[in-house]
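Student: Below are the structure tokens for one structure; questions will follow.
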Amino acid sequence: MKEARVGETEVVEKAKRRRFTAEDKRRILEEADRCTKPGEVGALLRREGLYSSLLSVWRRQREAGGLAALAPSKRGPPAKVAEPGARRIAELEKELARSQARLKRAEALLELQKKVSEILGVELPKQDEES
């Protein structure tokens with residue numbers, strides 16, 4: 009009885025996104041444009057490991073601006089340019105929020121102190137209120 013041999017497959021920890029240069033995209037598009045018989049484009053896509061939607065995207069890019077449009081670009085939204093005082097404003101807003109939270113706690117403690125003094129019958133000294 010003969011043993012079946014299983015080829016080793018390497019499993020990478022994290023898959024990497026494939027990147028195509030503008031020249032690769034141009035070459036593949038030219039090959040796709042030369043395909044005339046049924047099934048040739050499908051064979052090209054299988055050989056290159058691509059989806060037809062990617063080919064469509066590359067064609068739109070080519071029509072929009074030639075080879076420069078095919079060059080890879082960074083993904084995601086463009087980075088926001090920080091305003092000069094934005095960092096200081098953020099710090100001040102945090103400090104204001106902390107101060108407001110402390111004020112709310114202090115007011116709640118004063119109310120609690122007044123209620124406890126009423127229950128116990130202890131008179132608190134009168135203070136001038138600002139509001």
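If you read the sequence shown in this note's numbering, its first letter stands for residue 9, the second for the next number, and so on.
Even for Gly, the Cβ is constructed at its ideal location relative to N, Cα and C.
1. Is Arg70 near Arg26, with beta carbons less than 9 Å apart?
2. Relative to the alpha-carbon of Leu118, which residue among Pro80, Leu104, Gly93 and Pro133 has its alpha-carbon at the smallest distance?
3. Decide yes or no for the touch test of the region 55-68 against the region 31-45: beta carbon pairs closer than 8 Å, at least 3 of them.
4. By DSSP, does Arg26 sit in helix, in strand, or in coil?
5. Terminal residues of the continuous alpha helix (DSSP H) containing Arg83?
6. Going by the beta-carbon positions, is the gap between Thr44 and Ala79 smaller than 9 Å?
Tutor: Straight from the coordinates:
1. The answer is no: Cβ separation not under 9 Å.
2. Comparing Cα-Cα distances from Leu118 to each of Pro80, Leu104, Gly93 and Pro133, the minimum goes to Pro133.
3. Yes, they touch.
4. In this structure, Arg26 counts as coil in the three-state DSSP scheme.
5. Premise fails: Arg83 is in no alpha helix (DSSP H) and is neither H nor E.
6. The criterion of a C-beta distance shorter than 9 Å is not satisfied by Thr44 and Ala79.
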